[in-house]
Amino acid sequence: MGLFRNVYLRWKALRLPWRSDVYAGSDLEGNLYFERIVRGACRSRRHVVYRKNLAVSDYSDKVIPVQWQAWMRHTRAQAPTVAELIQDIRRQERIAANVRQLEASEARAAGSIAGSAQAAPPNPAAPNPAAPQPQHQKSAPGEGFQPACWEPAALGSGRGRHTPA
């Protein structure tokens, strides 16, 4: 960042009484984030000045980092730091590397399973997929239950109930 830009942003970050927009920070893409303190309002207005001039259809939440989205929506009180943004990018890179490793190990496992299935002789105890399947058999005790007509049971000893005489 140039010296003039650095001095300018530090000047914009000062909360002076006549200033409406106060510089809050920037992301790694160069977007600038500002906070407008409105007198009499319960919370401030926050907005972003994009580094690139985008078409109206290209503006979305995906253009700015999640940490800045949370700050803009007042989910977090303090603006994120550059170190925090770099740490999140490293975390995303680690996750992507782990996903690639997992996909490679799954592909190797699937290849070894497919290779062993072709080399192994057929198992006579294994079910034959070409054989006709048997009709559905009950697998659970309540599967064949059919409700019957309900009738009240005969009154017992009559404790606590009025029984006609």
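Each residue of the sequence shown is one higher than the one before, starting from 3 at the first, in this note's numbering.
Don't be surprised by glycine CBs; every beta carbon is placed ideally from N, CA and C.
Remember, predicted model here, so these are calculated numbers, not experimental data.
**Item:** Nonlocal neighbours in the same chain, by C-beta distance under 6 Å from L34, ignoring five residues either side
**Value:** As a working note, residue 34 is residue 32 in the sequence shown. The residues are S28 and V51.
**Request:** Output the distance between the C-alpha atoms of I97 and I91, rounded to the nearest integer angstrom.
**Result:** For the purposes of this step, residue 97 is taken as residue 95 along the sequence shown, with counting starting at 1. For the purposes of this step, residue 91 is taken as residue 89 along the sequence shown, with counting starting at 1. So the two alpha carbons sit approximately 10 Å from each other.
**Asked** Can you name the residues that DSSP bridges to E153?
**Response** Locating residue 153 in the sequence shown gives position 151, where the first residue counts as 1. BP columns for E153 are empty, so no partner.
**Message:** Just verifying my parser: in three-state terms, what is the DSSP assignment at L30?
**Reply:** Walking along the sequence shown from the start, residue 30 turns up at place 28. If DSSP states are grouped into helix, strand and coil, L30 belongs with coil.
**Request:** Sort out for me which residues DSSP pairs Y52 with in a bridge.
**Result:** Here residue 52 corresponds to residue number 50 of the sequence shown, with the count starting at 1. None, per the DSSP bridge assignment.
**the stretch 56 to 65 contacting the stretch 8 to 17, beta-carbon criterion three pairs below 8 Å** = Output reads no: the stretch 8 to 17 does not touch the stretch 56 to 65.
**Item:** Beta-bridge pairing of R47 - partner residues as DSSP gives them
**Value:** Residue 47 sits at position 45 when you count from the first residue of the sequence shown. Beta-bridge pairing links R47 to R38.
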